[in-house]
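With our numbering applied, the sequence shown corresponds to residues 1 to 268, in that order. All C-beta atoms, glycine included, are put in the ideal place defined by N, C-alpha and C. Just so you know, these numbers come straight off a predicted model, no measurement behind them. Remarks on the structure that follows.
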Amino acid sequence: MPLDEYRRKRDFNRTPEPEGGQPRRPRRRSRDKETAGYFCVQKHLASHLHYDLRLEHEGALLSWAVPRGPSLQPVDKRMAVRTEDHPFEYGSFEGVIPEGYGAGIVMLWDHGAWTPEVDDVGAALEKGDLKFSLDGYKLKGSWALVRTRDRAETPPRQRGRNWLLIKHADFWSGPIDITEVAPLSVKSEGDFDDILAADMPDLWVTGRPATATGNGRAAALTREVIESAARKILARHEAASPEEPHAPGGPKPRSASRGGRRTSPRSR
Ligand code: MN
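Rendered as structure tokens:
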């Protein structure tokens, strides 16, 4: 069962992530070639910032975590760690995972259609060489995922999971740092702080998640995001009720939560 690992890692009473029902019916193949499917890249601020590339295949989403994100330059071979398949519905998810596995903020950074440039995706995965094209807002043209050889010191659970994401040279390749040039959500058009301010204000502003503590870059970024989100929530409150005085520490959790729900991306 492809989604077993996904479900085992999560408590669906405590995470807003979709549980995933039955896998979608796989798309019909036209002749020998597989037809286009959905793809997305979710920018995920968790214990480490990374980009999750997901490709629809046989009703679920094949997934790779790309720590540095995709590059449009063919010389950049970006490490991509194969992770568990995700439910198809996960592909539109954007929001806050308050605790547990993957705790942090998920942004829908890009999405669109992908088309395999191989006859048989299953065989290409097996072989460790999947060529495909993307037609998203940010990522386009021809790409490859190539599995790398395990080294002697690779731990057993990591074996066979290390791949490289490579852009082929074409019209869509070039010396542009796409993660810098286009950092925002294709769903809400916001940044992490906007997603946090809209989705989960009280919990994170008052009780910071484990990912916000420590000296790492992701922890520092998470603290910045929380502070910026708190300022946005406060500004929204001041705009909504200019007469009402507020505590210097920030808005009251209850009213912050109501304000957040109104502009939640999921309620649109
Ligand atoms: Mn992730």
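Item: Less than 7 Å between the CB of residue 85 and some heavy atom of ligand 1, yes or no?; Value: no
Item: Just checking residue 52 against ligand 1 - is the residue's beta carbon closer than 7 Å to any of the ligand's heavy atoms?; Value: yes
Item: What do you reckon, is the C-beta of residue 65 under 7 Å from a heavy atom of ligand 1?; Value: yes
Item: Taking Cβ to Cβ, would you say residue 134 is nearer than 8 Å to residue 60?; Value: no
Item: Specify the secondary structure class of residue 192 as computed by DSSP and reduced to three states.; Value: helix
Item: In whole angstroms, what is the alpha-carbon distance linking residue 193 and residue 64?; Value: 24 Å
Item: Which of the three DSSP states is assigned to residue 168 in this structure?; Value: coil
Item: Would you say residue 220 touches ligand 1, meaning its beta carbon is less than 7 Å from a heavy atom?; Value: no
Item: In terms of residues, what are the limits of the beta strand (DSSP E) holding residue 52?; Value: 49-57
Item: Considering Cα atoms alone, identify which of 148, 160, 119 is closest to residue 166.; Value: 148
Item: Any chance you could list the alpha helix (DSSP H) runs of at least 4 consecutive residues sitting entirely within the segment 58-131, in chain order?; Value: 121-127
Item: Does the segment 153-167 come close enough to the segment 75-85 that 3 or more CB-CB pairs lie under 8 Å?; Value: yes
Item: Please go through the same chain and pick out, in chain order, the residues whose beta-carbon is closer than 6 Å to the beta-carbon of residue 129, but skip the five residues on each side of it.; Value: 146
Item: When every heavy atom of ligand 1 is checked, does at least one fall within less than 7 Å of the C-beta of residue 44?; Value: yes
Item: Could you give the distance in angstroms between the alpha-carbon of residue 9 and the alpha-carbon of residue 75?; Value: 35 Å
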